[in-house]
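Asks:
6 protein chains.
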Amino acid sequence: MLSVIVRSAVTKYRGLWLPGQAAVRAMSSSSSSSSPYTSLAISHPAESITHVELNRPEKLNAMNKAFWSEMVTCFTEIAEDPNCRVVVVSGAGRVFTAGIDLMDMASDVLQPRGDDMARISWNLRKTIAKYQETFSVIERCPKPVVVAIHGACVGGGVDLITACDIRLCTQDAWFQVKEVDIGLAADVGTLQRLPKVIGSRSLVNELALTARKMYADEAKSSGLVSRVFPDKETMIAGALEMAGEIAGRSPVAVQGTKVNLIYSRDHSVAEGLDYMASWNMSMLQTQDVMQSAQASMEKKSPKSVAFSKL
Amino acid sequence: MLSVIVRSAVTKYRGLWLPGQAAVRAMSSSSSSSSPYTSLAISHPAESITHVELNRPEKLNAMNKAFWSEMVTCFTEIAEDPNCRVVVVSGAGRVFTAGIDLMDMASDVLQPRGDDMARISWNLRKTIAKYQETFSVIERCPKPVVVAIHGACVGGGVDLITACDIRLCTQDAWFQVKEVDIGLAADVGTLQRLPKVIGSRSLVNELALTARKMYADEAKSSGLVSRVFPDKETMIAGALEMAGEIAGRSPVAVQGTKVNLIYSRDHSVAEGLDYMASWNMSMLQTQDVMQSAQASMEKKSPKSVAFSKL
Amino acid sequence: MLSVIVRSAVTKYRGLWLPGQAAVRAMSSSSSSSSPYTSLAISHPAESITHVELNRPEKLNAMNKAFWSEMVTCFTEIAEDPNCRVVVVSGAGRVFTAGIDLMDMASDVLQPRGDDMARISWNLRKTIAKYQETFSVIERCPKPVVVAIHGACVGGGVDLITACDIRLCTQDAWFQVKEVDIGLAADVGTLQRLPKVIGSRSLVNELALTARKMYADEAKSSGLVSRVFPDKETMIAGALEMAGEIAGRSPVAVQGTKVNLIYSRDHSVAEGLDYMASWNMSMLQTQDVMQSAQASMEKKSPKSVAFSKL
Amino acid sequence: MLSVIVRSAVTKYRGLWLPGQAAVRAMSSSSSSSSPYTSLAISHPAESITHVELNRPEKLNAMNKAFWSEMVTCFTEIAEDPNCRVVVVSGAGRVFTAGIDLMDMASDVLQPRGDDMARISWNLRKTIAKYQETFSVIERCPKPVVVAIHGACVGGGVDLITACDIRLCTQDAWFQVKEVDIGLAADVGTLQRLPKVIGSRSLVNELALTARKMYADEAKSSGLVSRVFPDKETMIAGALEMAGEIAGRSPVAVQGTKVNLIYSRDHSVAEGLDYMASWNMSMLQTQDVMQSAQASMEKKSPKSVAFSKL
Amino acid sequence: MLSVIVRSAVTKYRGLWLPGQAAVRAMSSSSSSSSPYTSLAISHPAESITHVELNRPEKLNAMNKAFWSEMVTCFTEIAEDPNCRVVVVSGAGRVFTAGIDLMDMASDVLQPRGDDMARISWNLRKTIAKYQETFSVIERCPKPVVVAIHGACVGGGVDLITACDIRLCTQDAWFQVKEVDIGLAADVGTLQRLPKVIGSRSLVNELALTARKMYADEAKSSGLVSRVFPDKETMIAGALEMAGEIAGRSPVAVQGTKVNLIYSRDHSVAEGLDYMASWNMSMLQTQDVMQSAQASMEKKSPKSVAFSKL
Amino acid sequence: MLSVIVRSAVTKYRGLWLPGQAAVRAMSSSSSSSSPYTSLAISHPAESITHVELNRPEKLNAMNKAFWSEMVTCFTEIAEDPNCRVVVVSGAGRVFTAGIDLMDMASDVLQPRGDDMARISWNLRKTIAKYQETFSVIERCPKPVVVAIHGACVGGGVDLITACDIRLCTQDAWFQVKEVDIGLAADVGTLQRLPKVIGSRSLVNELALTARKMYADEAKSSGLVSRVFPDKETMIAGALEMAGEIAGRSPVAVQGTKVNLIYSRDHSVAEGLDYMASWNMSMLQTQDVMQSAQASMEKKSPKSVAFSKL
């Protein structure tokens, strides 16, 4: 949680932690959508698919004040939207995200509040919890979230992507757990989720303790991402194709799968099995099973079935 | 749990989810054993090694009604059999398993039972729990289980292999978490165990949410299997060799290792260490330690020692 | 826990589990330090970095009686030493460690104590717990520990390195979970920590149940180590460079990161986030954040900042 | 969760589960307050004390549609209100509450929604979770909540009071876990919290399985309430006096105590201690300690200190 | 687990731990039932009620070899029996139970089995687990179990009753955690369940560490039992009346209540609520709710409703 | 943790939180023992019984600097002392304890250490953890601890007694969770342990949030103590008699009982049973069982058996 940084006098926006930033061409594919958000662009590239784009390309999609609250609104709506079965998240412009936007956050949380250290701490704790919520909503949303990363994914960006379900990246992508570089332990999700999404604890520790960059190949071999694409265009196409595969399957099956995968992460196998049985005792009672099985028998794709909304 | 599928009219056995099945030659190596089972063939290829073969090659080892209960009987016996120190599981015929056998299961569980939805759910929950048990017995059996997979490993097959301890496969093997394709969340173990046996959560989610196939190379690089063999013959030989290595060591050491590895998976490190200390306070008091240490001093393999049965 | 081995008559030191041992040249880089320890050499190769060397090269750094207690003293002191921000652990001489030193341990724990089996077990439990503590102190120490492994890392060596935070090795390194070879389940940490530091459970089980050696390449691809170096010299240089990166960052950030990474390993994501918020509500109130952010704005490395001691 | 009841034709409001209801005189002490709520009356009987009154006396404070959402709004505001340090909850009129208001709820949730059983279940789960939230907000509010119960406390009333911190009642109070009487297992908190607030599990089970009434004396001897008063008037006076004692102490101390008591309920002692240490490392840094200690030295009550708001 | 006692030469049955035993008149109310058991008598005193009587009055219902296995069979059948909605357990003859029957057990488990201490321990562990199961089946049975205790309830008797849901006793009942008196820590449930059924930990510890007797009054005030009756006859009548109350309510509601009460005991409130929501999303879809609510509206008892079997 | 209080100018020792203190006659029964401690008196009133007396009667046994460390040393020694099987703790002089000694602690921890708030917090956390240890050693000591309380038991006194196993008090005893009165949440055990030793959560919350006194009768009815004695003399006699009962039983049985009771408190029933089975698989292999059973058969007390030391 970076809010306290704002105490330092920050005088000029200079691209944050990115080595250089040149001209950034706004090329958001969703520029024509009438988004209610200023930091996000929402579009519907195909049936049942919602595309959420980090959309401040001129600021390298740095996470400003608006972003932290709009994400909560956005994913709360997605969770309730029966027309959405899967979400794709990506970044507009040159990079996925440069992480937190120090300039913008400063104007909001300029001074620590509280009459003594205990009260300042009390308020900080509430603020941290609020920021954690920005990414936890992704996890609580029962619709799968595919995130497609290109260029830089720094600081808060890693917090964001580890809360998503499937991670894809371009060959030029790089990842950086930046927080120790600015004097703090990452507190909105990276330290909790990164070790649970990749298999090498030595690598997790190295990344978090040294803030070194990790590039696409290592991201793939370590399992952080499950696919690497040559460039952003093919990646977005690949992400949408994958999203289409998911959207074409029974929403009862798909969302139940997500809910139980997350439950299982945080419980023993025995507890996960028990929960699963209590879940499916009702969720098996769906016409989707019959329709899907029928399609399977007929050698058709489940995508040929018109499932009821959920 | 697929039992509810049977409500749909399934009229003809056509290989389930396998693209094509041509002629399947029954070539089970255990065809001469007098197995008490109809879906499994049991043999003893070497001292202290039990070989459990999925043995309905003409049906692609599809998991029929007999299978779900025979597995429980079989592994309960193995757990109690002092002559068995390690188990190898493989599939007879062309593939490891095509997953659940819809035809056969249909005849058994044709109608959901219960006077209202709550009662149907109640009964479904008991059925799911019973099917979960079919694979949990593998985990509870203190003897290590090496599974050797060739060709297809679909649906229930993934539930099965993730409950085993060591996974090997052939170059032509492929794996598919099939459940979302037929409208349900996998409920007999895959969602609970797969994330705990491989390191990439993005990959786990992709497999479970899209039902795409994973081939041998990715299975190896992701850690699902720890070895890939060129063909079934060399794999079975390799599996038996590995089983021989395990069978040749102290059963007190080997089975205690399995029990504690599984305990540790579901507990914190501190709790795992505490349990381990309470375990070994008695298990160290075995002649096996002296005999093994003696062999080690004399540069002999532990396999040269004749350990007492356990 | 190997203490009971001593009941067997062990008559001659012959290199333990290493295939051959030839002449071992003592080449400890810390030979000039006036260490208070007989099994460890302590040096300070750079500011804020403590180098702990397993230092009985003529015995292949076998873990003798002194080692098991000196480690506790050593890491307790390091934990309290404000001049230390990061630790490097390596082995003097030809190999990292041959594991437990049966000869030396024998003289200490010659007879199991206790008037009946229950009392012997009671005492064994206390002994095991004491030995577990030897490696748990590494984990409890809030300063990151980088371990650099060359040559053999056998038995107790695997217990040791899995309790460290970052693992590096040379191309000639090999690892062996040796315990089943001498008739016991590993009880001082390997079975608890190895599955949590690498992503392939099949591999973990194979290593622990067969005691086969794993070489550097597999250690890297499985994630046990995060980097492989061509030889010991470059590895030590690499380890010190990495340690320098860590030491150059805010100790509040770095140590808070380690504490929370370990906490998260043993808790659900939700619990980890809650703990993190309670942690950072005070830890964000540090001048390190401002100093680090300032350096970041000025495109300077955090290493340019002189952080207060912790 | 009772929403499904509404499927049954409910034709006339007849006092729900109360044996008889005669004339109910509205005697809410907060009748003059300009409450933004229709089911609750909010007043401030003394400094730093908020009084929340269930305020539909003519309906025996039955929990209607408005109530379930107003409670969330009300306690969310209280949690943020620096002028509130403690809350008193009571019921206006003749009884504390008759439980859920079937009539009013029916108009809202008349039909189960969803195209098949799975979808209906999915929606029911969300509804249950939402209703659970109505009482969980009480627990999450860091300000202590004293509940004062007179007359009947039925069904949802027990869910409510077990989420409060301190329970007081009148001699004529009675409690009833009513849910089994209408064909369901209590699902908004009673089954989870009642066993953790009283010590006799046999009694908990008896109450929940038979729906028998428990009167004030047994409520006191079983520990459900910690004090019994002769009548409502003296109870409200007693509740306010107790609230005054709490409000007069350091809010940092009081609210930290509540937070950690709830944390401890759900964790082991070791985990509770660890969390406590991480909490107090900042919360001890308050002027309240010095001010309170000073008062203590001077034999003054902490109530004489003017603590900063929190 | 007392099996090892049999090593001691036990030469004569002398009433175990009971001070004197005089003539015991067999007065089992179920003497006319054709029970398949030798240690238990099963009867059906009223519709949907199963009465399980410890039925070796001439041996003070000491728990012999048959008892330990018959309990498992008996409760497994009860769990599956749709005609049973509630169970009453009591003891035939003069006392509830004198605890384990040393004489009979001796003939079965005369010698510890195993070639060394580790193997003996291994077998003991399996035996203990098997005996634990004898009482855990009571807990796993979803039908509520009311236990009615008169006279002595010693050793294994306390293990048994703490696994039941509701405990009643006569004025002459007494309870004794006997195990420390014979040199062992109680290992079939008392140490795990007693602290969770009564509220005073000091009392639990005193009972378990000193083996002192506790009489009816203290059993009531401590919450071990929820009702005390003057004599056995009135107690049995009271137990049956209470069982009738439970049997007359919706089995979906009643059994769901038991399942969730036990789940909640072993989980945090948040986890219990989550499980409850997943449970009731299907269990609310029952005609029992409508029927029960209708009866409630009409001021009828739920016992007037004819619920479908479960 | 009260260390920060010392920042306030404390000028005169005036009896802390006790209303008045008059003349305190030193009447420690252990005055003749040559204790190595200044705050504690150690004696051995009977075989296998260790009596630990809080022994600064002139200071009302206020917990000074020496106390906090001597307790750790004392109980560490007791845990290892084979001649001790049970411990009695009481207070010399007029009261049990007045709680923390502000005067003495002030001289030790006068200033918070650390260059910024984060560093001060870091150090405070270590200090709190150290103080928590003072009482956790009581719990970790496998020998049962009986505490006998007379007069006042304030603040730290409640932390102390809730970590003991059995609590006795005199009719004039009173208890006070004092911490909120001095501006902090109790952080060395009360908030974690008090709710787990008494059954009424409403009472726990009331005591902790209002700091009101609780007298002997309520302590008994709430289960905090399991026996009340008319005066200190009879209480000490009663405590020693109870200690004698415990000391006269098998130490393997008694200490295994304590270890497992504490384990069970913090785990589910299923986990407690599993741990118990792993514990007793060795602990049943003791001659104590045979000796105890023999005595039982012969109608002798277990106290007649001469058990081996543990």
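Residue numbers (the UniProt record's numbering), protein chains in the order written: chain A, 1 to 310; chain B, 1 to 310; chain C, 1 to 310; chain D, 1 to 310; chain E, 1 to 310; chain F, 1 to 310.
All C-beta atoms in this analysis are idealised placements derived from N, C-alpha and C, irrespective of residue type, glycine included.
Please read these numbers as outputs of a predicted model, since none were measured by experiment.
1. Between the segment 262–274 of chain C and the segment 187–195 of chain A, can you find at least three pairs of beta-carbon atoms closer than 8 angstroms?
2. Could you check how far apart the C-beta atoms of leucine 209 of chain C and valine 180 of chain C are, in whole angstroms? I think they sit under 8 angstroms.
3. Alpha carbon to alpha carbon, what distance is there between isoleucine 49 of chain D and valine 154 of chain F?
4. May I have the straight-line CA-CA distance separating valine 72 of chain C from proline 57 of chain A, to the nearest angstrom?
5. In the DSSP assignment, what residue or residues form a beta bridge with threonine 50 of chain E?
6. Any Cβ of chain E within less than 8 angstroms of the Cβ of valine 225 of chain D?
7. What are the boundary residues of the alpha helix (DSSP H) that includes arginine 193 of chain C?
8. So is aspartate 159 of chain A in contact with chain B if we call contact Cβ pairs under 8 angstroms?
9. Which runs of the alpha helix (DSSP H) spanning at least 4 residues fall entirely within the segment 226–252 of chain A, listed in chain order?
10. Mind checking who lysine 258 of chain F pairs with in its DSSP beta bridge?
11. When the Cα atoms are used, what is the spatial distance from lysine 300 of chain D to serine 268 of chain D?
12. Checking 8 angstroms against the spacing of the C-beta atoms, do alanine 173 of chain C and alanine 216 of chain C come in under that value?
13. On a Cα-Cα basis, can you pick out the residue from A/Thr234, A/Val305 and A/Met276 that is closest to glutamine 287 of chain A?
14. For the segment 193–205 of chain C, list every residue whose C-beta sits within 8 angstroms of some C-beta in chain A, in sequence order.
15. I'd like to know if leucine 261 of chain B contacts chain E, where contact means its C-beta is closer than 8 angstroms to some C-beta of that chain.
16. CB-CB under 7 angstroms to threonine 76 of chain A, same chain, minus the five flanking residues each way: which ones, in chain order?
17. What does the Cβ neighbour count give for asparagine 83 of chain D, buried or exposed, with the cut at 16 atoms within 10 Å?
18. By DSSP, does phenylalanine 175 of chain C sit in helix, in strand, or in coil?
19. Enumerate, from N- to C-terminal direction, the unbroken alpha helix (DSSP H) stretches of 4 or more residues contained entirely within the segment 269–298 of chain D.
20. Which residues of chain C have a Cβ atom closer than 9 angstroms to the Cβ of valine 252 of chain F, listed in chain order?
21. Helix, strand or coil for lysine 130 of chain F, going by three-state DSSP, please let me know.
22. Taking only beta-carbon atoms, is serine 308 of chain A less than 8 angstroms away from chain B?
23. What does threonine 286 of chain E reach in chain B if we use C-beta pairs closer than 8 angstroms?
24. Using a 10 Å radius around the Cβ and a threshold of 16 neighbouring Cβ atoms, would you call residue 334 of chain B buried or exposed?
25. Do you know whose CA, among A/Glu47, A/Asp115, A/Thr97 and A/Ala79, lies nearest serine 39 of chain A's CA?
26. Going along chain E in order, which residues have a C-beta closer than 9 angstroms to the C-beta of serine 282 of chain B?
27. Can you confirm whether leucine 40 of chain C, when its beta carbon is compared against all beta carbons of chain B, has any partner nearer than 8 angstroms?
28. Does any residue of chain D bring its CB to less than 8 angstroms from the CB of glycine 155 of chain F?
29. Which whole-angstrom value describes the C-beta separation of arginine 119 of chain E and leucine 310 of chain B, a residue pair presumed to lie in contact below a C-beta threshold of 8 angstroms?
30. Histidine 44 of chain E: buried (16+ other C-beta within 10 angstroms of its C-beta) or exposed?
31. Looking at chain E, is there any beta carbon in it that lies within less than 8 angstroms of the beta carbon of glutamate 139 of chain B?
32. DSSP on cysteine 141 of chain C, reduced to helix/strand/coil?
Replies: In this structure, then:
1. Cβ pair count under 8 angstroms is three or more, so yes.
2. About 6 angstroms separates the beta carbon of leucine 209 of chain C from that of valine 180 of chain C, a gap short enough to meet the 8 angstroms contact definition.
3. Annotation: valine 154 of chain F to isoleucine 49 of chain D spans about 28 angstroms, alpha carbon to alpha carbon.
4. Our two residues, valine 72 of chain C and proline 57 of chain A, have alpha carbons roughly 52 angstroms apart in a direct line.
5. For threonine 50 of chain E, the beta-bridge partners assigned by DSSP are E/Val87.
6. No, because no Cβ of chain E sits closer than 8 angstroms to the Cβ of valine 225 of chain D.
7. Here the alpha helix (DSSP H) through arginine 193 of chain C covers 190–197.
8. Aspartate 159 of chain A does not count as touching chain B.
9. Segments of the alpha helix (DSSP H) lying fully in the segment 226–252 of chain A: 232–247.
10. Bridge pairing for lysine 258 of chain F: absent [DSSP].
11. When rounded, the distance between both Cα atoms is 37 angstroms.
12. Cβ atoms of alanine 173 of chain C and alanine 216 of chain C: closer than 8 angstroms.
13. Glutamine 287 of chain A has its Cα closest to that of A/Val305, out of A/Thr234, A/Val305 and A/Met276.
14. Per Cβ criterion, the list reads Lys196, Val197, Ile198, Gly199 and Ser200.
15. Closer than 8 angstroms: no.
16. In the same chain as threonine 76 of chain A, and ignoring 5 residues on each side of it, the C-beta atoms closer than 7 angstroms to its own belong to Val137, in chain order.
17. With fewer than 16 other Cβ atoms within 10 Å, it is exposed.
18. Here DSSP, grouped into helix, strand and coil, assigns phenylalanine 175 of chain C to strand.
19. Taken in chain order, the complete alpha helix (DSSP H) segments of 4 or more residues contained in the segment 269–298 of chain D are 269–283 and 287–297.
20. Within 9 angstroms Cβ-Cβ: Asp116, Ala118, Arg119 and Trp122.
21. Lysine 130 of chain F: helix per DSSP, three-state reduction.
22. Interface flag for serine 308 of chain A against chain B is unset, since no Cβ pair is found closer than 8 angstroms.
23. Correct list: Asp116, Met117, Ala118 and Arg119.
24. Since the first and last residues shown for chain B are 1 and 310, residue 334 of chain B lies out of range.
25. Closest option to serine 39 of chain A, Cα to Cα, is A/Thr97.
26. Those within 9 angstroms of serine 282 of chain B in chain E are Met117, Ala118, Ile120, Ser121, Trp122, Leu124 and Arg125.
27. No, no contact with chain B.
28. No, glycine 155 of chain F does not count as interfacial toward chain D.
29. Contact holds; Cβ gap of about 6 angstroms.
30. When all chains shown are included, histidine 44 of chain E counts as exposed.
31. No, no contact with chain E.
32. Coil at cysteine 141 of chain C, not helix or strand.
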